[in-house]
Amino acid sequence: MIRVRLTAQLKDLAKGAREVELDSAVDLGTMVQKLDRSFPGLGGRIVDDQGRLREHVNVFVNSENSRELGREKTKLRDGDVVHILPAVSGG
Amino acid sequence: MALLVGTRKGAFVFTSSRDRKAWKVSGPHLKGNEIYHMAYDGRSGAILASIVSGHWGPTVARSEDMGDTWKESSTPPKFPKGSGLSVARLWQIKPGAENEPGVVYVGVEPACLFRSEDGGKSWRVNEALLNHKTRKKWQPGGGGLCLHTILVNGKRPGRIHIGISAVGTLRTDDGGDTWRFQNKNVLVGYQPEKYPEYGQCVHKLAINPATPDVIYHQNHFGVYRSDDAGENWIDIRNNLPSRFGFPMAADANDPKRAYVAPLEGDFSRIPSDGHFAVWGTDNRGKEWFKLDGGLPAKSYYTVLRDGMVADAEDPCGLYFGTTTGQLFASRDQGTHWERITDSLPPILSVSVSAT
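Shown next, in the form of structure tokens:
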């Protein structure tokens with residue numbers, strides 16, 4: 002089981018859910034595809050048209066930023082908690 | 004009557020009775036998003052919005068209650084995998100013809116056209132533009148390589164005009180299966196070949212729906228009119244103070260009337276003499292006159308390409324929004340202006356419709 006925690010700005014696309022459970026996903030890219038199948042439109046808010054993580058979105062696997070792992074190809078394991086958050090992107 | 008105002012921080016909806024004397028505002032809707040354009044779909048009563056989030060990317064949102072609630076596309080405009088392209092921004096969004104219920108078009112950056120057949124819920128790329136043989140040579144304008152203007156000819160099924168910066172004007176007569184350039188006599192000032200087949204920096208196109216073969220065209224290097232659905236363009240700058248500007252509006256009642264908002268071109272891009280004014284013509288561009296009654300004597304307003312629009316009332320109302328948050332309206336073809344508000348975020352677009 003993989004738990005995906007969504008930031009508040011994305012919950013409307015997930016029918017109000019802040020946390021979504023997936024049976025499994027090989028990697029983050031696959032996880033996003035599964036999310037999009039369950040909640041159409043959600044995937045495109047996380048990755049661009051080519052499946053690349055959006056520049057100002059951070060996806061943490063447990064406490065590790067996926068940018069320092071394998072980005073979309075970051076492997077997932079049973080029990081992982083994935084956090085989808087906006088990057089600070091401040092001034 | 005509703006004015007749909009897209010800003011850098013969300014959407015605002017201004018409503019008025021048909022006398023257009025008092026406006027009530029709601030918003031910001033879609034708070035925090037850049038709203039490049041909105042359209043009222045008279046076939047369904049819905050508002051469609053092109054939205055861009057700095058974090059979450061672009062998508063289309065649809066409201067069926069005049070902005071109170073919104074639903075994002077389930078399948079937003081997306082380039083196919085393997086194309087290497089990704090939609091960066093959505094620009095103009097336009098309902099299809101009256102006899103095409105559910106059809107909506109949206110222009111995107113990098114330049115391409117998407118079509119929806121379900122009122123904006125899901126979108127499909129126009130393959131002919133995506134794979135256009137000249138695409139690799141297209142160069143962006145200052146606002147990016149954007150498809151920013153869509154004109155649906157409601158009288159001739161399948162005919163659509165589009166404007167791309169800095170590629171030029173293209174037309175399809177078969178609903179988007181094929182496109183051809185229409186830039187004859189349109190100047191490109193910054194290259195050795197001054198009148199190429201494409202590469203023109205079109206800023207905005209406008210038509211009167213009753214006479215859709217007459218097109219008004221504000222370009223980087225001039226102001227033009229076509230009387231033959233874009234086949235030929237006639238220079239109509241004449242006595243305008245500048246050939247440079249962004250918006251172009253066509254009077255929906257009188258096809259001889261059109262409106263522009265000239266700026267000093269093109270490295271300063273501010274109003275001439277520190278005085279913003281709309282200019283109008285009532286003879287298809289042979290002569291232009293200043294329309295500045297009620298506008299400040301000194302102002303450095305900037306109005307973006309989708310920031311000015313004409314309504315379909317008689318006499319025609321005109322509206323413009325500035326990048327400093329002022330929204331102005333005229334009920335008499337631009338002769339007198341009133342400020343509806345001066346406290347909005349930077350305005351990207353103004354659309355209008357009866358409700």
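Chains as they are written, first to last, in the working numbering: chain A, 2 to 92; chain B, 4 to 358.
Glycine residues also receive a C-beta, built at the ideal position from the N, C-alpha and C atoms.
Whose CA, out of the options, lies closest to the CA of residue i?
i	options	result
B/Gly147	B/Ala169, B/Phe323, B/Ser352 and B/Asp177	B/Ala169
A/Ile3	A/Thr31, A/Asp81, A/Leu86 and A/Ala88	A/Asp81
B/Gly105	B/Tyr322, B/Arg65 and B/Val353	B/Arg65
A/Leu70	A/Leu23, A/Asp28 and A/Glu22	A/Asp28
B/Ile167	B/Ile153, B/Ala261, B/Gln329 and B/His32	B/Ile153
B/Ala213	B/Ala14, B/Val155, B/Trp236 and B/Asp180	B/Val155
B/Glu103	B/Asp121, B/Asp285, B/Arg287 and B/His223	B/Asp121
B/Glu75	A/Val83, A/Leu43 and A/Ser67	A/Leu43
B/Lys140	B/His164, B/Ala114 and B/Trp126	B/Ala114
B/Gly171	B/Pro143, B/Val205, B/Thr10 and B/Gly145	B/Val205
B/Pro215	B/Val128, B/Arg138, B/Asn286 and B/Ile163	B/Ile163
B/Gly123	B/Lys289, B/Arg138 and B/Trp73	B/Trp73
Applying the 10 Å Cβ sphere with the 16-neighbour rule, what's the burial state of residue i?
i	result
B/Met311	buried
B/Glu3	Look at the range of chain B in this structure, 4 to 358, and you will see that residue 3 of chain B is not part of it.
B/Gln194	exposed
B/Glu112	buried
B/Gln336	buried
B/Ile350	buried
B/Pro160	exposed
B/Gly296	exposed
B/Lys207	buried
B/Ile273	exposed
A/Gly17	exposed
B/Lys24	exposed
A/Val21	buried
B/Val63	buried
A/Arg46	buried
B/Lys136	exposed
B/Pro83	exposed
B/Ser271	exposed
B/Asn211	buried
B/Ala300	exposed
A/Val89	exposed
B/Gly85	exposed
Going by beta carbon distance, what residues of the same chain come within less than 8 Å of residue i, once the five residues before and after it are set aside?
i	result
B/Thr358	With a pLDDT of only 43 at B/Thr358, under the threshold of 50, the placement of this residue in the model should not be trusted, and no figure is reported.
A/Ser64	none
A/Gly30	Val48, Gly52, Glu73 and Lys74
B/Asp180	Ala131
B/Pro318	Asn256, Arg334, Asp335 and Gln336
A/Met32	Ile3, Val5, Leu23, Ala26, Leu77 and Val83
Can you list, in chain order, the residues of its chain with a C-beta nearer than 7 Å to that of residue i? Leave out the 5 residues immediately preceding and following it.
i	result
B/Glu101	Arg46 and Gly157
A/Thr8	Ile85, Leu86 and Pro87
B/Ser346	Gly328
B/Arg246	Phe224, Gly225, Val226, Arg240 and Gly268
Spatial neighbours of residue i within its chain, please: CB distance less than 6 Å, with the 5 preceding and 5 following residues excluded, ordered by chain position.
i	result
B/Ala1	For residue 1 of chain B there is no data in the structure shown, the boundaries of chain B being 4 and 358.
B/Ile96	His40, Ala42, Leu51, Ser53 and Val109
B/Ser56	Asn36
B/Phe331	Phe323, Trp340 and Arg342
B/Asp22	none
A/Phe61	His84
Are any of the Cβ atoms in chain C nearer than 7 Å to that of residue i?
i	result
A/Arg55	The structure shown contains no chain C; the protein chains it does contain are A and B.
Could you list the residues in the stretch 62-76 of chain B with a C-beta less than 8 Å from some C-beta on chain A, going in chain order?
Contact annotation: in the stretch 62-76 of chain B, residues whose CB is within less than 8 Å of a CB in chain A are Thr62, Glu75 and Ser76.
Contact residues within the stretch 78-90 of chain B, judged by C-beta distance below 9 Å to chain A
With the criterion set as a beta carbon lying under 9 Å from some beta carbon of chain A, the members of the stretch 78-90 of chain B are Thr78, Pro79, Pro80, Lys81, Phe82, Pro83, Lys84, Gly85, Ser86, Gly87, Leu88, Ser89 and Val90, in sequence order.
Quick one: which residues of the stretch 37-58 of chain B get their C-beta closer than 8 Å to a C-beta of chain A? List them in chain order.
So the list reads Ser56, Gly57 and His58, given in the order they occur along the chain.
Give, in chain order, every residue of the stretch 22-44 of chain A whose Cβ lies closer than 7 Å to some Cβ of chain B.
Contact residues of the stretch 22-44 of chain A toward chain B are Pro41 and Gly42 (C-beta to C-beta distance below 7 Å).
Where the stretch 248-276 of chain B meets chain A: residues whose CB sits under 9 Å from a CB there
Of all residues in the stretch 248-276 of chain B, none has a Cβ within less than 9 Å of some Cβ in chain A.
Would you list, in chain order, the members of the stretch 104-115 of chain B that have their beta-carbon closer than 8 Å to a beta-carbon of chain A?
Cβ contacts with chain A: none found.
Run through the stretch 178-261 of chain B for me and flag every whole beta strand (DSSP E) of 3 or more residues, listed as ranges in chain order.
You should have 205-210, 218-222, 225-229 and 248-253.
I'd like the ranges of any beta strand (DSSP E) spanning at least 3 consecutive residues and lying wholly in the stretch 84-172 of chain B.
Correct list: 92-98, 107-112, 115-119, 149-155 and 163-168.
Relative to chain A, which residues along the stretch 20-33 of chain B have a C-beta separation below 9 Å, given in chain order?
For the stretch 20-33 of chain B, which is checked against every Cβ of chain A, not one residue is closer than 9 Å.
May I have a chain-ordered list of the beta strand (DSSP E) segments no shorter than 3 residues that lie completely inside the stretch 278-343 of chain B?
You should have 281-284, 292-294, 311-313, 321-324 and 330-333.
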